[in-house]
Each structure stands twice: as C-alpha cells, then as structure tokens.
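Chemist:
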Amino acid sequence: MNIGDKVRSIRGQEEGTIVRFISSTEVEVEIEDGFQIPFMVRDLVLISKDEQAFFDDKPTTVSNTPKPQTTSAFSSKGIFVGMHHKNDKLLEVFLVNNTDFQIPYTFGEEESQNYKAIAAGVLKAKSYQQVHELNLDKFERWPALVFQGLFFKAGPTQYRDPFVQRLKFRASNFYKSKAEIPQLKKDGYVFQLDASGKPPQPLDKEKLREQMLSGKKQEESEFQIRSIKKNKGLTQTIDLHAENFPDAPKDKDKLLSFQIDQFESALDEAIIAGVDEITFVHGVGNGVLRLEIQRRLGQNPQVEYFKDAQKEKFGYGATLAKIL
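Residues 1 to 324 in the UniProt record's numbering are what the sequence shown lists, from first letter to last.
Structure representation (structure tokens):
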C-alpha cells in the first residue's frame with residue numbers, strides 16, 4: 001500500500017484514499033466525506049481498477065427510482081521517484097503519479113547551481129514514466145534531482161501552487177528506502193516527493209532577495225524569517241513559539257500540531273530556496289516538540305545532519321539542520 005492508493009475497510013463500509021502512514025502498521029485514510037480516519041493496515045484491502053471495470057460491465061436494469069450520487073475520494077497526494085535495477089550498475093529512474101491529478105512536469109539535474117534539463121511531459125493520473133538512468137558506481141557524484149510539476153483536473157477543484165522538489169541522496173538513507181514502486185509494481189528504491197503534511201508553500205523570491213541585499217536585522221519569528229548570506233548559502237532562523245503566531249490555537253494538543261505544520265512548511269520552503277542551514281527555535285518545555293522535530297529531520301533525505309544549536313543563546317531550545 002502507498003500514499004494515494006484507494007482502499008476499503010474489511011470491518012465496515014468505509015472507502016477512501018491513503019493520505020499518510022502513521023506507522024508501519026497504521027495508516028490515515030481520507031474517506032468520501034472528507035474526514036481522515038486512522039486504520040490498521042491489516043483491516044484494509046486495496047480497491048483494484050479491475051473491480052470497478054467488472055461492475056461497470058454488468059448489464060443494467062431500468063429503474064424510475066433516482067439513485068443517490070456517490071463521489072469516490074480524490075487522491076491528491078502520492079508523487080514518487082522510483083529507481084529500479086536495470087542491471088548491477090544501472091538504475092532506471094521513474095516518476096510515479098499515484099494521485100488523481102494530471103501532472104505536467106519537468107525533470108532535471110542540478111549541480112553547483114548549474115541546471116541540466118533531462119525530461120518533460122505529462123504524468124496521467126495513476127501512471128508512471130521512465131525519465132533517466134543513473135550509475136551506482138558514481139553514487140557519490142550524483143547531482144541533485146529536480147522535479148517541477150503542475151496539478152490539473154478538469155472542472156472545479158481546489159487551487160494548488162506549482163510544486164518544486166529537489167532530491168539529494170546520501171548512502172545512509174538511500175539504501176534504507178527499498179520498497180515496491182507504486183504503479184510499476186517492481187521492487188526498487190522509493191522516494192515520496194510530497195511526503196510533508198502540507199504541500200510546499202510558494203517562495204517569495206523577491207522578498208528573499210530584498211532581505212539578502214539589505215543589512216537590516218529582522219525579528220526571529222516564523223512569519224518574519226531572518227535571511228543572511230553565508231559562505232555556501234543562506235541561513236534561516238524560525239521561532240516556533242506560540243506568541244509569534246496570532247492564529248495559534250490555545251489548546252495544547254492543537255498547538256503542537258500547529259507548530260509541527262509550521263516547521264514542515266518552513267523546512268519545505270528552505271529546501272526549495274536552496275538554504276544551507278536552518279535553525280528552529282522550539283524552546284525547552286517538556287521536550288515533545290524538540291523530539292518530534294528532530295525525528296522528522298532524521299527521516300528527511302534532504303537533511304544532511306541536525307544538532308542542538310547555539311547552546312549559549314538557546315540552551316537546548318533550538319535545533320540546527322544542515323540541508324543538502
């Protein structure tokens with residue numbers, strides 16, 4: 001099972017789309033009503049395309065009784081890069097669209113700020129395309145892979161910003177990513193491009209440029225990011241304390257989820273912007289937010305390493321992440 005797969009509960013009548021893996025045995029499913037409900041993987045079965053075709057081919061009987069209209073859950077997440085062994089040395093690189101969107105895309109490589117376009121096209125819903133080949137013998141010299149995409153579905157739908165993601169691989173994470181490639185149904189290395197809780201937010205490049213050119217200090221808060229030029233790139237400091245967010249919820253449990261969402265959005269934006277280092281000020285408190293941030297940083301293939309930051313200033317209340 002993968003993000004974007006349509007499933008049915010074997011213990012009830014719920015059907016929907018997998019939107020998140022909670023653990024190796026539990027997933028979150030968005031049902032037709034738009035609610036997201038956790039299920040144990042063992043309690044779900046995949047809804048195959050053949051099943052729908054079988055029922056559509058059955059002869060229909062005429063009835064004057066109007067039937068209620070049902071709308072199947074729409075898969076909006078599930079964009080992957082999959083790599084499958086062509087032989088011992090060569091890997092075939094696939095783009096996989098496990099959503100119900102059509103996705104016009106470009107794909108290329110980036111190294112030392114030099115971009116090389118490799119492929120472009122349209123990924124139809126629930127489809128895949130081979131776009132590249134990579135040599136494992138040159139793994140340490142692989143450039144960053146850059147994916148850019150748009151989301152299209154005919155008719156009324158929720159607007160989504162253009163999507164940009166860069167992948168830079170490390171051996172420690174790469175070889176742990178073995179799984180079945182969605183749609184292709186072959187074993188390989190799988191990387192989800194839209195894995196964060198929120199789609200990456202669009203970067204205000206003009207604002208970022210103004211911040212770089214001006215020498216003025218700015219407050220260290222989530223909605224006012226301090227960006228300064230360093231030797232290799234930009235650094236950012238994000239303050240996640242509740243007082244920096246006018247719309248932060250008062251409830252402690254909801255506040256934690258809110259702060260994690262802000263962390264995810266800021267990290268996505270930093271990766272897109274090519275930021276070299278980013279510091280998250282989370283405070284000491286009971287340590288729950290710090291542990292969750294560091295857990296997610298440890299799972300992100302775009303993060304080279306993380307550590308407690310500026311102990312003389314924040315104590316153990318801040319975490320610095322080095323981005324690849």
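For every residue, glycine included, the Cβ atom is placed at its ideal position computed from N, Cα and C.
(1) Please look up how many angstroms separate the CB atoms of I103 and L150, rounded, as I've assumed it's under 8 Å.
(2) Give the C-beta separation of Y175 and M83 to the nearest angstrom, bearing in mind that I take them to be a contact with Cβ-Cβ under 8 Å.
(3) In three-state terms, what does DSSP make of V164?
(4) According to the neighbour-count rule (16 or more other Cβ atoms, all chains shown, within 10 Å of its Cβ), is D5 buried or exposed?
(5) Using alpha carbons as the reference points, say which of D161, L145 and V146 lies closest to F152.
(6) Are the beta-carbon atoms belonging to E92 and L145 less than 8 Å from one another?
(7) Are V29 and F39 closer than 8 Å when you measure CB to CB?
(8) If you reduce the DSSP assignment to three classes, tell me which class V288 lands in.
(9) From which residue to which residue does the alpha helix (DSSP H) around Q262 run?
(10) Span of the beta strand (DSSP E) holding R8?
(11) Given this structure, state the Cα-to-Cα distance separating G283 from E292, to the nearest angstrom.
(12) Compute the distance between the beta-carbons of T279 and A242, then report whether it is under 8 Å.
(13) Cβ of Q302 within 8 Å of Cβ of I323?
(14) Taking all protein chains shown into account, decide if I118 is buried (16 or more other Cβ within 10 angstroms of its Cβ) or exposed.
(15) Distance check for Y305 and L297, CA to CA, integer angstroms please.
(16) Would you call D239 buried or exposed, if buried means 16 or more other Cβ atoms sit within 10 Å of its Cβ?
(17) DSSP on I31, reduced to helix/strand/coil?
(18) Only counting the same chain, and skipping five residues up and downstream in sequence, which positions put a Cβ closer than 6 Å to that of E179?
(19) Cβ atoms of V7 and L44: under 8 Å apart, would you say?
(20) So, are the CB atoms of T235 and D276 less than 8 Å apart?
(21) Quick check: F107 and P182, are their CB atoms within less than 8 Å of each other?
(22) Taking just the CA atoms, how far does V122 sit from Y128?
(23) Does the distance from the CB of N98 to the CB of N173 come in under 8 Å?
(24) Taking the alpha carbon of L90 as the point to measure from, which residue in I47, W142 and R290 has its own alpha carbon closest?
(25) Just how far apart, CA to CA, sit S23 and P156?
(26) Use the C-beta contact count for N300: other C-beta atoms within 10 angstroms, 16 or more gives buried, fewer gives exposed.
(27) Would you kindly report the start and end of the unbroken beta strand (DSSP E) that includes D247?
Modeler: Taking the geometry as given:
(1) 7 Å
(2) Not quite, the Cβ-Cβ distance comes to about 11 Å (not below 8 Å), so this is no contact.
(3) strand
(4) buried
(5) D161
(6) no
(7) yes
(8) helix
(9) K252 to A273
(10) K6 to S9
(11) 13 Å
(12) no
(13) yes
(14) exposed
(15) 8 Å
(16) buried
(17) strand
(18) With the sequence shown as reference, residue 179 is identified as Ala, and Glu is not the correct amino acid for it. For A179, where only same-chain residues beyond five positions count, the Cβ hits under 6 Å are V190.
(19) yes
(20) yes
(21) no
(22) 10 Å
(23) no
(24) W142
(25) 34 Å
(26) buried
(27) No beta strand (DSSP E) contains D247, which DSSP labels as neither H nor E.
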